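In the working numbering, the protein residues as written are 127 to 575.
What follows is a single structure, written as structure tokens, with notes after it.
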Amino acid sequence: MADGVPLWRNRPFQLLWAGGAVSQLGTELTRLAMPLLVLAVTRSPGLAGLVAGARALAFIGAQLPAGVWVDWWDRRRTLIAALGIQTANAAGLSALILAGTPPIWALVAFALADGVCAAFAGPARTTAIRGVVPPDQLRGAYAQEESRNHAARLAGPPLGGLLYGLGRAVPFLADALTFLIALLCTILAKVPRRPGTEPDGTATEPDGARHATATAPGHGRSTAREPEPGPGGAARASMRREVAEAFRWLWRRRGLRAIIGVVLALNLLGGAFLLPLIVLVGERGGGALTTGTVLAGIGIGGLAGALLSGRVGGLMPAGRLTLLLAAVLGLANLAMALPLGPWWPMVPLVVVSLITPAFNVVMNVVIVRNVPEAMLGRMDAVFVVAAMGLTPLGPVLGGALADGLGGAGALITLGVLFLLTAATAATSRDLRAFTDGDAPGLDPGAARR
Numbered sequence: 127m128a129d130g131v132p133l134w135r136n137r138p139f140q141l142l143w144a145g146g147a148v149s150q151l152g153t154e155l156t157r158l159a160m161p162l163l164v165l166a167v168t169r170s171p172g173l174a175g176l177v178a179g180a181r182a183l184a185f186i187g188a189q190l191p192a193g194v195w196v197d198w199w200d201r202r203r204t205l206i207a208a209l210g211i212q213t214a215n216a217a218g219l220s221a222l223i224l225a226g227t228p229p230i231w232a233l234v235a236f237a238l239a240d241g242v243c244a245a246f247a248g249p250a251r252t253t254a255i256r257g258v259v260p261p262d263q264l265r266g267a268y269a270q271e272e273s274r275n276h277a278a279r280l281a282g283p284p285l286g287g288l289l290y291g292l293g294r295a296v297p298f299l300a301d302a303l304t305f306l307i308a309l310l311c312t313i314l315a316k317v318p319r320r321p322g323t324e325p326d327g328t329a330t331e332p333d334g335a336r337h338a339t340a341t342a343p344g345h346g347r348s349t350a351r352e353p354e355p356g357p358g359g360a361a362r363a364s365m366r367r368e369v370a371e372a373f374r375w376l377w378r379r380r381g382l383r384a385i386i387g388v389v390l391a392l393n394l395l396g397g398a399f400l401l402p403l404i405v406l407v408g409e410r411g412g413g414a415l416t417t418g419t420v421l422a423g424i425g426i427g428g429l430a431g432a433l434l435s436g437r438v439g440g441l442m443p444a445g446r447l448t449l450l451l452a453a454v455l456g457l458a459n460l461a462m463a464l465p466l467g468p469w470w471p472m473v474p475l476v477v478v479s480l481i482t483p484a485f486n487v488v489m490n491v492v493i494v495r496n497v498p499e500a501m502l503g504r505m506d507a508v509f510v511v512a513a514m515g516l517t518p519l520g521p522v523l524g525g526a527l528a529d530g531l532g533g534a535g536a537l538i539t540l541g542v543l544f545l546l547t548a549a550t551a552a553t554s555r556d557l558r559a560f561t562d563g564d565a566p567g568l569d570p571g572a573a574r575r
């Protein structure tokens with residue numbers, strides 16, 4: 127860990143950030159290109175939702191084993207393997223598109239493989255950032271991460287629409303290239319393989335001796351876990367124990383548990399709005415480039431919000447920020463349905479995206495600072511599963527609503543559901559009172575040492 131070094135000079139973090147920025151750009155290219163491809167091939171918003179839902183389902187389904195695996199095994203190799211498979215997966219889909227019209231099962235298979243790899247890459251990346259960034263710089267690091275995400279959301283959709291116009295395979299070829307660049311950056315970053323280890327994978331002790339152990343902040347030294355040898359049943363039993371421990375940790379924190387419940391509903395509805403929006407822009411005469419430019423509103427607002435996220439996150443506690451986010455999402459969906467032309471939805475997208483970075487930064491800092499390092503991979507996975515368990519249904523719901531009600535009718539329905547979620551959440555006393563200090567079960571000083 128680069129203690130005493132400014133964040134901008136922290137080479138491992140900046141390499142991770144650069145690789146993540148490039149791969150996120152590729153993800154945003156295909157986020158628009160994939161539904162456009164499915165709609166062109168099948169003319170069905172429902173099938174477009176099915177493909178998007180398949181990726182989300184694979185991502186959620188693989189989270190828990192991925193989180194345990196990251197705690198057990200070499201985190202650097204896990205991240206490198208995930209990025210390598212994603213590179214090959216995107217290149218293979220590109221070749222299939224170039225060969226002709228791809229069958230729907232092939233698009234589903236691509237989505238499933240990408241979702242599984244993303245599930246392993248997520249907790250591996252979270253632990254990598256904690257391994258190379260000092261605790262007092264985590265807020266700045268995650269603000270920079272948010273800037274990266276929203277810059278990609280700004281550039282990705284219009285670029286994806288432009289590349290799709292050049293050829294159906296072009297966005298997916300670009301996606302393969304971005305994963306390859308991210309893979310090279312990760313290799314060069316040389317992040318620690320395990321908690322409390324040097325980049326070569328050996329743990330260091332003050333007396334210079336080296337042991338295969340890991341230190342959890344505030345919890346003393348614990349042996350770094352490996353999958354248990356012997357029959358597969360023993361390893362599965364150990365995995366269940368590890369996951370159960372992580373869920374118990376979350377369950378004992380009522381305020382954090384309440385926030386996760388609200389985020390579960392927000393992610394379901396948030397995953398549903400994209401397809402109705404694409405359909406709405408098409409109904410109003412917009413093409414692929416127009417659709418991509420409208421979706422760039424997420425990046426415009428998000429990039430501005432990311433620059434302010436550190437200050438906003440410090441002004442408002444996480445519980446109240448959650449309620450504000452739910453209400454703004456509801457109003458934005460209602461506003462997008464107004465009959466003001468194909469470009470109008472970009473305006474509410476910019477507004478709603480101003481607040482999401484602050485919420486993401488606050489929650490990332492709460493989790494990374496306060497979860498014991500030896501279970502950080504599992505907890506990252508548990509948070510994702512708990513908060514996104516219904517997300518695979520989002521695109522399916524959005525496609526079904528767009529099929530039955532059209533783009534505007536679907537967005538109005540989703541807006542009302544967002545507002546009902548905000549009103550229901552406001553009745554929770556635990557959520558309203560939640561602050562960063564409610565999350566840890568650790569000594570606050572130990573969590574920051």
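Heads up, the beta-carbon is just placed ideally off N, CA and C, and yes, glycines get one too.
None of the values given here were measured: they were computed from a predicted structure.
Check	Outcome
Helix or strand or just coil, what does DSSP make of A559?	coil
Please classify L519: does DSSP put it in a helix, a strand, or coil?	helix
So, for A244: in the same chain, excluding its five sequence neighbours on each side, which residues have a beta-carbon less than 6 Å away from its beta-carbon?	F185
For W198, does the count of other Cβ atoms within 10 angstroms reach 16, so buried, or fall short, so exposed?	buried
Using a Cβ-Cβ cut-off of 6 Å (strictly less than) and excluding sequence neighbours within five positions of G291, which residues of its own chain qualify?	A414
Take A391 and list the residues in its own chain whose beta-carbon comes closer than 6 Å to its own, dropping the five residues that flank it on each side.	T547
From the DSSP output, in three-state form, read off P318 for me.	coil
Output the distance between the C-alpha atoms of T419 and G427, rounded to the nearest integer angstrom.	13 Å
Between the alpha carbons of R336 and P318, how many angstroms are there, rounded?	Any reading at R336 must be qualified, since the residue scores a pLDDT of 30, below 50, and its modelled position is unreliable; no value is offered.
Beta-carbon separation of M489 and A444 under 8 Å?	yes
Exposed or buried, which one is P483 when buried takes at least 16 other CB atoms within 10 Å?	buried
Could you give the residue range of the alpha helix (DSSP H) that holds V259?	Where V259 is concerned, there is no enclosing alpha helix (DSSP H), given that its DSSP letter is neither H nor E.
How many Å lie between A372 and N486 at the Cα?	21 Å
How many angstroms separate the CA atom of P161 from the CA atom of A232?	14 Å
Assign D262 to buried or exposed, taking buried as 16 or more other Cβ atoms, counted over all protein chains shown, within 10 Å of its Cβ.	exposed
Excluding five sequence neighbours on each side, which residues of the same chain lie with their C-beta closer than 8 Å to the C-beta of A147?	R274, A277, A278
Would you kindly work out how many angstroms separate the C-alpha atoms of A269 and L433, rounded to a whole number?	7 Å
Using the C-alpha atoms, what's the distance from T517 back to A174?	15 Å
Which residues in the same chain have their Cβ closer than 6 Å to the Cβ of M505, if we skip the five residues on either side of it in sequence?	A372, V497
Taking all protein chains shown into account, do 16 or more other C-beta atoms lie within 10 angstroms of the C-beta of A308, making it buried, or fewer, making it exposed?	buried
Please report the residue range of the alpha helix (DSSP H) in which W470 lies.	Note, W470: premise wrong, no alpha helix (DSSP H); not H, not E.
First and last residue of the alpha helix (DSSP H) that includes D197?	189–198
So, helix, strand or coil for A308, using DSSP?	helix
Where does G428 fall in DSSP's three states?	helix
Taking Cβ to Cβ, would you say G241 is nearer than 8 Å to A295?	no
Who are the near neighbours of G541 in its chain, counting only those whose CB is closer than 6 Å to its CB and skipping five residues on each side?	G456, N459, L460
Using the three-state DSSP reduction, which class does T252 fall into: helix, strand or coil?	helix
For N136 versus V259, is the C-beta distance shorter than 8 Å?	yes
Just the Cα atoms here: how many angstroms apart are R410 and A463?	11 Å
Measure the alpha-carbon distance for L449 versus G381 and round it to whole angstroms.	13 Å
Given P228, which residues of its chain have a CB within under 6 Å of its CB, disregarding the five upstream and five downstream residues?	L222
Counting Cβ pairs, one atom from each stretch, are 3 or more of them under 8 Å apart for the segment 246–257 and the segment 518–527?	no
Taking the alpha-carbon of V508 as reference, which of A166, R265, R374, L421 has the nearest alpha-carbon?	R374
Go through its chain and collect everything with a Cβ distance to M514's Cβ below 6 Å, but skip five positions before and after it.	I186, N393
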